[in-house]
Every structure is written in C-alpha cells, then in structure tokens.
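Residue numbers are given in full-length UniProt numbering: position 132 of the sequence shown equals residue 132, and the series is strictly consecutive. Everything on this sheet refers to the single structure shown next.
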Amino acid sequence: MKIIAISGSLRAVSLNTAVLHAAGRLAPAGVEILVYEGIGQLPFFNPDLDGERLPRQIADFRNIIGTADGLLISSPEYARGVAGVTKNALDWLVGSFEFPNKPVALINTSPRATHAQAALTITLETMSARLVKDASITLPLLGTVNDADSIATNPEFAGPLRSALEIYVRALRAIAEEELHSEQFTK
C-alpha cells in the first residue's frame, strides 16, 4: 500500500514535514509513506494551462497522486488560512481524474490552527475527497523543537500518530475492498 504525504510548508525545518516523515517511520507493515518533495516547484494554478498545455510538473504530480492509495496532508495555518502552496497543489488536482474519491487524512501540528484545518476540510470535501476524519488528528507540536526522529520516538506524539495511521490503513483497505466489490458487481 502506498500513501503520498504532502507538507504545506516550504520551511527547511518544518514540523509539518517532520511529522510526515515520522509517519513514514511509524507506518504499519506493508505500508509505504512517501513525502512529496515537489510542492514548491509547482507553477501557480492557471486553468488556461489545464488540458493540452499542462505543465510537466503538474502531469508528474497528478501521476504520483493517481498511483497512491491515499493522501496524508499536513499544512500550517498562515493568517487564519491554508498555506498557499497547499491550496495551489489542490487547485491543480481539481480538474484531474486522479483525485476524486481519493482517501485523505489530515495531520494538524498545532491545536491553535483550527481555521486552516476547517478550510482545508471544506476544500477537500468540495473536491470529492474521501476524508477519513477518524484518522485525522492534531498533535501538540507548536512551540516544540522536534524532528522526525524525536516525534517517532516520543510516546506522546508517536502513540496518537501510530493509532491514526492504523485507523487510516484500515479505512484504505475497506475502501479498496468496497471498490473491488463494486467493480465485480457492475461486470
């Protein structure tokens, strides 16, 4: 099973990116979590470029999303909203065939970042994502100095993160089973 993780932070030392790398270390057996590193290189969304003029970075991004069983997103809150790079990446997926019904779980690294989380939820639901709310968590990382290793080894953070990942993977398997039965039923 492959999960693509997207950090909405471009910072060199980012708790959002660190928590996604920690998730990769805590993933259940047989699950690979790959952090997408190209979010900062995606061009600004322009609907005129969708279709035949689609930039190569966007075609590659959509292909990566299409091959994933699910997405894990962790994005900071800037000025009570979703980080611009996160929204830009999602905007490029709106017109794609790869994203609708994609299972998504959210990791919030700050209990105070409620506005961005709410806006991100609305955006994802509007885009026809299958938001797995039981696997979406908030970890109290704001104001801490942590990297992926310290998050993955600290029981205060690793326990809830591991539990959320287990819930998410169960949901992904249930969705895959549901889709398999649906395909067999329609044949």
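C-beta atoms are modelled at their ideal positions from N, C-alpha and C, and glycine is treated no differently. What you are looking at is a predicted structure, and each value in this text was computed from that prediction instead of being measured.
Test item: CB-CB of residue i and residue j under 7 Å
{"i": "Ile-39", "j": "Val-85", "result": "yes"}
{"i": "Ser-96", "j": "Arg-62", "result": "yes"}
{"i": "Leu-120", "j": "Val-82", "result": "yes"}
{"i": "Arg-25", "j": "Ala-152", "result": "yes"}
{"i": "Leu-165", "j": "Ala-27", "result": "yes"}
{"i": "Trp-92", "j": "Phe-45", "result": "yes"}
According to DSSP, residues forming a beta bridge with residue i
{"i": "Arg-105", "result": "Reading off the sequence, residue 105 comes out as Ala, not Arg. Answer is Leu-72."}
{"i": "Ser-7", "result": "Ser-74"}
{"i": "Glu-178", "result": "In DSSP, Glu-178 forms no bridge with anything."}
{"i": "Tyr-168", "result": "Looking at the DSSP assignment, Tyr-168 forms no beta bridge with any residue, so it has no partner."}
{"i": "Thr-138", "result": "Asn-108"}
{"i": "Ile-33", "result": "Ile-3"}
{"i": "Leu-26", "result": "Paired residue(s): none; Leu-26 is not in a bridge."}
{"i": "Leu-131", "result": "Val-104"}
Exposure of residue i, with buried meaning 16 or more beta-carbon neighbours within 10 Å
{"i": "Gln-184", "result": "exposed"}
{"i": "His-181", "result": "exposed"}
{"i": "Lys-133", "result": "exposed"}
{"i": "Ser-128", "result": "exposed"}
{"i": "Phe-99", "result": "buried"}
{"i": "Ala-29", "result": "exposed"}
{"i": "Ala-174", "result": "exposed"}
{"i": "Val-169", "result": "buried"}
{"i": "Ile-73", "result": "buried"}
{"i": "Ile-122", "result": "exposed"}
{"i": "Ala-89", "result": "buried"}
Anticipated Cβ contact below 8 Å, residue i with residue j, distance rounded
{"i": "Ala-18", "j": "Ala-148", "result": "5 Å"}
{"i": "Ser-75", "j": "Val-35", "result": "With a Cβ gap of about 13 Å, Ser-75 and Val-35 do not count as contacting."}
{"i": "Ile-33", "j": "Ala-12", "result": "About 21 Å; that fails the 8 Å criterion."}
{"i": "Asn-146", "j": "Leu-15", "result": "6 Å"}
{"i": "Ala-135", "j": "Ala-171", "result": "6 Å"}
Close Cβ partners of residue i (< 6 Å) along its chain, the five nearest in sequence each way excluded
{"i": "Ala-113", "result": "Glu-77"}
{"i": "Asn-108", "result": "Gln-117 and Thr-138"}
{"i": "Leu-141", "result": "Leu-15 and Thr-109"}
{"i": "Arg-162", "result": "Leu-26"}
{"i": "Lys-2", "result": "Glu-32, Ala-68 and Asp-69"}
Sequence-distant residues of its chain with Cβ nearer than 8 Å to residue i (five each side left out)
{"i": "Lys-102", "result": "Ile-65, Ala-68, Gly-70, Leu-71, Ala-129 and Arg-130"}
Close Cβ partners of residue i (< 7 Å) along its chain, the five nearest in sequence each way excluded
{"i": "His-115", "result": "Glu-77, Arg-80 and Gly-81"}
{"i": "Thr-124", "result": "It is worth fixing the name first, because residue 124 is Leu in this sequence and not Thr. Hits under 7 Å: Val-104 and Leu-131."}
{"i": "Asp-50", "result": "Gly-95"}
{"i": "Pro-47", "result": "none"}
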